[in-house]
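Student:
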Amino acid sequence: MYTFKKEERLCNKRLIDKLFHSGSSFLCYPFKVSWLYSTQPQLYPAQVLFSVPKKRYKRAVDRNLIKRCMRESYRLHKQQSLYNLLQTADKAILLSVGYIGKEIAPYSLIEKKMLKLLALLTEQLAAAANEIPKP
Numbered sequence: 001m002y003t004f005k006k007e008e009r010l011c012n013k014r015l016i017d018k019l020f021h022s023g024s025s026f027l028c029y030p031f032k033v034s035w036l037y038s039t040q041p042q043l044y045p046a047q048v049l050f051s052v053p054k055k056r057y058k059r060a061v062d063r064n065l066i067k068r069c070m071r072e073s074y075r076l077h078k079q080q081s082l083y084n085l086l087q088t089a090d091k092a093i094l095l096s097v098g099y100i101g102k103e104i105a106p107y108s109l110i111e112k113k114m115l116k117l118l119a120l121l122t123e124q125l126a127a128a129a130n131e132i133p134k135p
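Read in UniProt numbering, the sequence shown has 48 at position 48, and its numbers run on one by one without any break.
1. Keeping to the same chain, check which residues put their C-beta closer than 8 Å to that of residue 126; ignore five residues upstream and five downstream.
2. Going by CA-CA distance only, name the one from 47, 49, 122, 32 that's closest to residue 89.
3. Strictly by DSSP, which residues pair up with residue 25?
4. Does the separation of the CB atoms of residue 57 and residue 66 fall below 9 Å?
5. Would you check if the distance between the CB atom of residue 27 and the CB atom of residue 100 is smaller than 9 Å?
6. Among all the DSSP beta bridges, which residues are the ones paired with residue 93?
7. Taking all protein chains shown into account, do 16 or more other C-beta atoms lie within 10 angstroms of the C-beta of residue 22, making it buried, or fewer, making it exposed?
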């Protein structure tokens with residue numbers, strides 16, 4: 001339940017390009033989120049990509065720390081906040097979470113903002129699902 005496996009990570013360059021070119025996005029400081037409904041069948045309801053800009057954080061240690069905190073907070077909250085909605089709707093999404101904060105935030109703040117981000121994402125997914133006509 002509280003796992004984050006390789007199949008849940010977004011690694012396919014073609015899918016990443018598609019996500020950034022034709023996906024929807026929103027800001028939830030210190031995160032920028034892009035998402036797109038996936039057309040391909042997936043093992044998990046969401047495939048996620050976490051990124052921290054090298055331009056702002058020169059040291060790999062800092063980037064890795066932030067990404068580790070982001071992955072951990074996502075791992076703990078994805079099931080009740082995101083997966084339940086996606087599984088009931090029988091949908092799959094591609095998701096990118098980029099860190100745009102100016103300083104390294106403590107884990108408690110990252111976790112709080114991740115919960116807010118997942119809530120905003122579920123609202124947008126529900127709104128997008130209502131717009132799509134069902135056959």
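Cβ atoms here follow ideal geometry from the backbone N, Cα and C, with glycine treated the same way.
Tutor: On the basis of the coordinates in this document:
1. Translated into positions along the sequence shown, residue 126 becomes position 126. 85.
2. Your numbering for residue 89 matches position 89 in the sequence shown. Of 47, 49, 122, 32, the residue nearest in Cα terms is 122.
3. Working through the sequence shown from its first residue, we reach residue 25 at position 25. Bridge partners of residue 25: 34.
4. Counted from its first residue, the sequence shown places residue 57 at position 57. Counted from its first residue, the sequence shown places residue 66 at position 66. A contact, by the Cβ cut-off of 9 Å.
5. Within the sequence shown, numbered from 1, the residue matching residue 27 stands at position 27. Within the sequence shown, numbered from 1, the residue matching residue 100 stands at position 100. Yes, the pair counts as a contact, with Cβ atoms nearer than the cut-off.
6. In the sequence shown, the residue the question calls residue 93 occupies position 93. Looking at the DSSP assignment, residue 93 forms a beta bridge with 37, 46.
7. Counting from 1 along the sequence shown, the entry for residue 22 is found at position 22. That one is exposed.
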